[in-house]
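**Q** Let me begin by handing over the structure; questions about it come next.
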Amino acid sequence: SHEIKMASQAFAAHQTDVKPIIQPFGSDSAALDNVYELLVRAGRSAPMAKALLVPESWQKAVEMPQNQRDLYHFCASVMEPWDGPAALVIHDGDWAVAGLDRNGLRPLRYELTEDGLIGVGSEAGLYGFTDERIAKRGQIAAGRMIGVNFAEQRFYDDHALIDQLARKAPYGAWLERVRNLEAEIGPGPEPAFHDGEALDRRLIAASVSHEDLETILRPLAETGKEAIGSMGDDAPLAVLSEGHRPLFHFFRQGFAQVTNPPIDPLREDRVMSLKTRFKNLGNILAQGEMSDEVLVLDSPVLTNGMMRRIEPILGDRLVRLTACFSAPDDLDQAGEALRAALERLRTEAEAAVRAKGHCELAISDRLSGPDRVAIPSALAIGAVHSHLVRRGLRSSCSLIVEAGDCLDAHAFAVLVGIGATAVNAYLAQDAFTAAQARGAFAVASPEQAALNFKRGIEAGLLKILSKLGISVIASYRGGCNFEALGLSRALVDDYFPGMNARISGIGLQGLAQAAIAQHRAAWESDRPRLAIGGFYRQRQRGAPHAWEAKVIHLLQKAVTEGDRAAFDAYTKALSDQKPIQIRDLLDFAPRAAPIPLSEVENVNALRRRFVTPGMSLGSLSPEAHGALNVAMNRIGAKSISGEGGEDRARYRPLANGDDMNSAVKQVASGRFGVTAEYLNQCREIEIKIAQGAKPGEG
30 SHEIKMASQA FAAHQTDVKP IIQPFGSDSA ALDNVYELLV RAGRSAPMAK
80 ALLVPESWQK AVEMPQNQRD LYHFCASVME PWDGPAALVI HDGDWAVAGL
130 DRNGLRPLRY ELTEDGLIGV GSEAGLYGFT DERIAKRGQI AAGRMIGVNF
180 AEQRFYDDHA LIDQLARKAP YGAWLERVRN LEAEIGPGPE PAFHDGEALD
230 RRLIAASVSH EDLETILRPL AETGKEAIGS MGDDAPLAVL SEGHRPLFHF
280 FRQGFAQVTN PPIDPLREDR VMSLKTRFKN LGNILAQGEM SDEVLVLDSP
330 VLTNGMMRRI EPILGDRLVR LTACFSAPDD LDQAGEALRA ALERLRTEAE
380 AAVRAKGHCE LAISDRLSGP DRVAIPSALA IGAVHSHLVR RGLRSSCSLI
430 VEAGDCLDAH AFAVLVGIGA TAVNAYLAQD AFTAAQARGA FAVASPEQAA
480 LNFKRGIEAG LLKILSKLGI SVIASYRGGC NFEALGLSRA LVDDYFPGMN
530 ARISGIGLQG LAQAAIAQHR AAWESDRPRL AIGGFYRQRQ RGAPHAWEAK
580 VIHLLQKAVT EGDRAAFDAY TKALSDQKPI QIRDLLDFAP RAAPIPLSEV
630 ENVNALRRRF VTPGMSLGSL SPEAHGALNV AMNRIGAKSI SGEGGEDRAR
680 YRPLANGDDM NSAVKQVASG RFGVTAEYLN QCREIEIKIA QGAKPGEG
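This is the structure in structure tokens:
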């Protein structure tokens, strides 16, 4: 997005020859090196390039000197920061600089000798300097840097180096063109756009159920926190569901593992930021004052009231685009009707940006109604964002989404992740405002409910970012850090380029038909009623679940009574279920001729290959955990201890000869309960990566 406006006299007639800046198929480090070299060759010093690319966490650093805050604030207005973990050693001919990213998870220590030699490395004493030679030694703090200026033959510690940078230009004066939009537009009155029957019809069209209102919106509006759930997701994947599912459910969040660690957004709050910038992105190679005004919000979450108050500030720069399409009489043409509407959106967006030079585009489905079907907001924003990127226009505009199908933090994350600048979930707010008005939600006022909702979504966004090890939402926006599960690869390539899609699925035709069917259910009924739901909790007429009550009842009866007939009924109930996960679509490929039994291992040998999932004692119970161990040891299989160690009493056989010792001992990142004795009592060691069943939340 930045390349189209990127220009520098340093490249003269070779402006186009240096593009693309980031070479394809390179590593993350190679990409950072590409951009660093660009900045340095355009005239930035190595310390300034580091401050631009990998700044320290400054937004919540209350003790930071004002001139340094101004420097980092200016850098944030020029380009998005890169996240680590990274220990950087960089050189430009004039400077040698060593520094860390904002989280500081990579150790970086330095030693400076009396005769002017400096050594930098992850460990102290790496170079074997004697204490008599050392003039100074230290550890570089998170986000900070040290440097050597060869012309001056001078060493700069972190305070001196950043202070020198901050004094190079009047950054504080330049920041007068940065407006705090949050202070100007909120808080204030919170209107509702729809109520009564009109609201119900729109909720039905957006596939919102009573369960969604109670499970998702109630805790957000009442407490400002997301609902707490457990036991995983045993409902069918969106692509395998018989009922209509929002497009957001086709996207699975990515998470950090091995190469970079997740972050705890509560304990590491100082490095996290949802600051959102509006308006035109400038030339990142320009080294002077910003040529255009920049508007900054505290987060990308816009309430109805904030959306209404932002409109006069943006003025004629705000261009509204309608994300709706008309249902054709012939449903076989539904996909083409949706495709035409998406192309119209793309054309209108491009025309608006070219006509105004830069603008704020509001992509809205608020005008959906009896004759207009709302385009799924993720599809609308993906279409416009990807098109403007391909045309080199994305950096000339902001994308605001008014989405009726957006309810929770995951939906917000999807919209931001595929390119949205800010999101107004107007229909969700209308729903909890109506519930508050009739006394169904225990919250004092619509304004308080809106504030709680905003805070809850923001906390959810921070958690989603932190799972990837990303600290700043500007680094997350447009990154497509999801896997599309059950969407056509052609659709993903066109509207969500760069997103993983290992398994293909439905395309525009399927999405359009589902949207039209839901729309007709909403607008053609004399008495519209929201569905009960059943996605999060099993209900009689809701979505099927892998562990339905009747299945659990049969299992309990079989194991408590030793009832073989009940166990056979249990296994049949499982095998007769409709597909829920991808593995349910698989079957054994038949062979032309059966294998002789003499060539097949007996049952006892086969059972040795069974392994239980690794679940800790705390996640189950001492009784259940011990029973699994005894059962696996009886049949010669293996059970896994889970993290947290194991009671030493289990290392000795029980009085009846049973063995409660776990054959596989787990070692997690914290190594809780791990001792030499613990490891000696196992047949295998399992190392837990990325927090196992709770990926990215370790």
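With positions in the sequence shown counted from 1, the corresponding number in the working numbering is that position plus 29. Cβ atoms here follow ideal geometry from the backbone N, Cα and C, with glycine treated the same way.
1) Could you check where the alpha helix (DSSP H) with K717 kicks off and where it finishes?
2) For H387 and P275, what's the separation of their Cα atoms in angstroms?
3) When DSSP labels each residue in this structure, what does C435 get in the three-state scheme?
4) Under 8 Å between the Cβ atoms of P329 and A451?
5) In the DSSP assignment, the alpha helix (DSSP H) including I532 goes from what residue to what residue?
6) Report all residues from its chain with a CB closer than 6 Å to the CB of M301; omit the five preceding and five following residues, and keep chain order.
7) Would I404 and F354 qualify as a contact pair, given that the criterion is a beta-carbon distance under 8 Å?
8) Answer yes or no: do L520 and L497 have a C-beta to C-beta separation smaller than 8 Å?
9) What's the C-alpha gap between G253 and G485?
10) Under three-state DSSP, which class holds W111?
11) Taking all protein chains shown into account, do 16 or more other C-beta atoms lie within 10 angstroms of the C-beta of G727, making it buried, or fewer, making it exposed?
12) How would you label K694, buried or exposed, when you count the other beta carbons within 10 angstroms and need 16 or more for buried?
13) With DSSP run on the structure shown, which of helix, strand or coil describes V348?
14) Less than 8 Å between the C-beta atoms of G133 and G172, yes or no?
15) When the Cα atoms are used, what is the spatial distance from A650 to H102?
16) Can you tell me which residues form a DSSP beta bridge with H582?
17) Give the DSSP-derived three-state secondary structure of E297 in the structure shown.
18) Out of S495, F307, E213, which has the shortest C-alpha to C-alpha gap to R299?
19) Can you list, in chain order, the residues of its chain whose CB lies under 7 Å from that of D187, leaving out five sequence neighbours each side?
20) Return helix, strand or coil for T600, following the three-state DSSP convention.
21) Considering only C-alpha positions, which residue in the set V382, R131, R395 is nearest to V413?
22) Quick one: measure Cβ to Cβ for A666 and V632, integer angstroms, because I've assumed they're closer than 8 Å.
23) Could you please give me the residues that DSSP links to M174 through a beta bridge?
24) Hey, how far is the Cα of A212 from the Cα of R338?
25) Excluding the 5 residues flanking I714 on each side, which residues of the same chain have their C-beta closer than 7 Å to its C-beta?
26) Less than 7 Å between C-beta atoms, sequence neighbours within five positions excluded: which residues of the same chain meet that for A595?
27) Taking all protein chains shown into account, do 16 or more other C-beta atoms lie within 10 angstroms of the C-beta of V268, making it buried, or fewer, making it exposed?
28) Nearest to A479 by CA position, among M335, D358, Q362, is which residue?
29) Determine the closest residue to A125 out of A116, Q95, A75, T142, with distance taken between C-alpha atoms.
30) Specify, as a first and last residue, the run of the alpha helix (DSSP H) that A628 falls within.
31) If I follow the unbroken beta strand (DSSP E) through R375, where does it start and stop?
32) What does the Cβ neighbour count give for V69, buried or exposed, with the cut at 16 atoms within 10 Å?
33) Can you tell me which of the three DSSP states G647 falls into?
34) Could you tell me the boundaries of the alpha helix (DSSP H) in which S406 lies?
35) Using C-beta distances below 7 Å, list every residue in its chain close to L657, excluding the 5 sequence neighbours before and after it, in chain order.
**A** In short:
1) The sequence position of residue 717 within the sequence shown is 688, counting from 1. Following the DSSP letters along the chain, one finds K717 in no alpha helix (DSSP H), marked with neither H nor E.
2) Against the sequence shown, residue 387 aligns to sequence position 358. Against the sequence shown, residue 275 aligns to sequence position 246. Rounded to the nearest whole angstrom, the CA to CA distance from H387 to P275 is 32 Å.
3) What you label residue 435 is simply residue 406 of the sequence shown in a count that begins at 1. Here C435 sits in coil by DSSP.
4) In the sequence shown, residue 329 corresponds to position 300, counting from 1. In the sequence shown, residue 451 corresponds to position 422, counting from 1. It is a contact, given that the beta carbons lie within the stated cut-off.
5) Counting from one through the sequence shown, the residue named residue 532 turns up at place 503. Note, I532: premise wrong, no alpha helix (DSSP H); beta strand (DSSP E) at 529-535.
6) Here residue 301 corresponds to residue number 272 of the sequence shown, with the count starting at 1. Here the set comprises P294, L491, S500.
7) Within the sequence shown, the letter at position 375 stands for residue 404. Within the sequence shown, the letter at position 325 stands for residue 354. Result yes, Cβ atoms of I404 and F354 sit closer than 8 Å.
8) Position 491 of the sequence shown holds residue 520. Position 468 of the sequence shown holds residue 497. The answer is no: Cβ separation not under 8 Å.
9) As a working mapping, residue 253 is identified with position 224 in the sequence shown. As a working mapping, residue 485 is identified with position 456 in the sequence shown. Between G253 and G485, the C-alpha separation is close to 4 Å.
10) In the sequence shown, the residue the question calls residue 111 occupies position 82. Residue state, collapsed to three classes: coil.
11) Here residue 727 refers to the residue found at position 698 of the sequence shown. Below a pLDDT of 50, predicted positions are generally treated as unreliable, and G727, at 46, falls in that range; no measurement from the model is reported.
12) Reading the sequence shown from its first residue, position 665 is the one you call residue 694. Under this definition K694 is a buried residue.
13) Taking the sequence shown and counting its residues from 1, the one referred to as residue 348 is at position 319. Note: V348 maps to strand in three-state DSSP.
14) One-based indexing of the sequence shown puts residue 133 at position 104. One-based indexing of the sequence shown puts residue 172 at position 143. Yes. Within cutoff.
15) Against the sequence shown, residue 650 aligns to sequence position 621. Against the sequence shown, residue 102 aligns to sequence position 73. Looking at the sequence provided, one finds Ser at residue 650 rather than Ala. Rounded to the nearest whole angstrom, the C-alpha separation of S650 and H102 is 50 Å.
16) Along the sequence shown, one-based indexing puts residue 582 at 553. In DSSP, H582 forms no bridge with anything.
17) As a working note, residue 297 is residue 268 in the sequence shown. Under the three-state reduction of DSSP, E297 is assigned to coil, being neither helix nor strand.
18) Here the question's residue 299 lines up with position 270 in the sequence shown. Nearest C-alpha to R299: S495.
19) For the purposes of this step, residue 187 is taken as the residue at position 158 of the sequence shown. Excluding sequence neighbours, D187 sits near I169, A170, R173, M174, I175.
20) As a working mapping, residue 600 is identified with position 571 in the sequence shown. Note: T600 maps to helix in three-state DSSP.
21) Residue 413 sits at position 384 when you count from the first residue of the sequence shown. Of all alpha-carbon atoms in V382, R131, R395, the one lying nearest the alpha-carbon of V413 is that of V382.
22) Start at 1 with the first residue of the sequence shown, and residue 666 comes out as number 637. Start at 1 with the first residue of the sequence shown, and residue 632 comes out as number 603. Wrong, their Cβ atoms sit about 12 Å apart, outside the cutoff.
23) Here the question's residue 174 lines up with position 145 in the sequence shown. Answer by DSSP bridge pairing, in chain order: G128.
24) Working through the sequence shown from its first residue, we reach residue 212 at position 183. Working through the sequence shown from its first residue, we reach residue 338 at position 309. A212 and R338: Cα-Cα distance of roughly 11 Å.
25) Position 685 of the sequence shown, counted from the start, is the residue given in the question as residue 714. Here the set comprises K694, V696, L708.
26) Here the question's residue 595 lines up with position 566 in the sequence shown. The answer, listed in chain order, is L583, K586, A587.
27) Numbered from 1 along the sequence shown, position 239 holds the residue referred to as residue 268. Around the C-beta of V268, 16 or more other C-beta atoms lie within 10 Å, and the residue is accordingly described as buried.
28) The residue given as residue 479 occupies position 450 in the sequence shown. Just measuring C-alpha positions, the residue of M335, D358, Q362 sitting nearest A479 is M335.
29) Indexing the sequence shown from 1 puts residue 125 at position 96. Checked all of A116, Q95, A75, T142; the closest Cα to A125 is A75.
30) The sequence position of residue 628 within the sequence shown is 599, counting from 1. With the sequence shown as reference, residue 628 is identified as Glu, and Ala is not the correct amino acid for it. Counting along the chain, E628 falls outside any alpha helix (DSSP H), and DSSP gives it neither H nor E.
31) As a working mapping, residue 375 is identified with position 346 in the sequence shown. That residue, R375, is in no beta strand (DSSP E); its alpha helix (DSSP H) goes 363-385.
32) Translated into the one-based positions of the sequence shown, residue 69 becomes position 40. By the 10 Å Cβ count, V69 comes out buried.
33) One-based indexing of the sequence shown puts residue 647 at position 618. In the three-state DSSP reduction, G647 falls in the coil class, being neither helix nor strand.
34) Taking the first residue of the sequence shown as position 1, residue 406 is located at position 377. From DSSP, the alpha helix (DSSP H) with S406 extends over 406-419.
35) By 1-based counting over the sequence shown, the position of residue 657 is 628. Correct list, in chain order: T641, S668.
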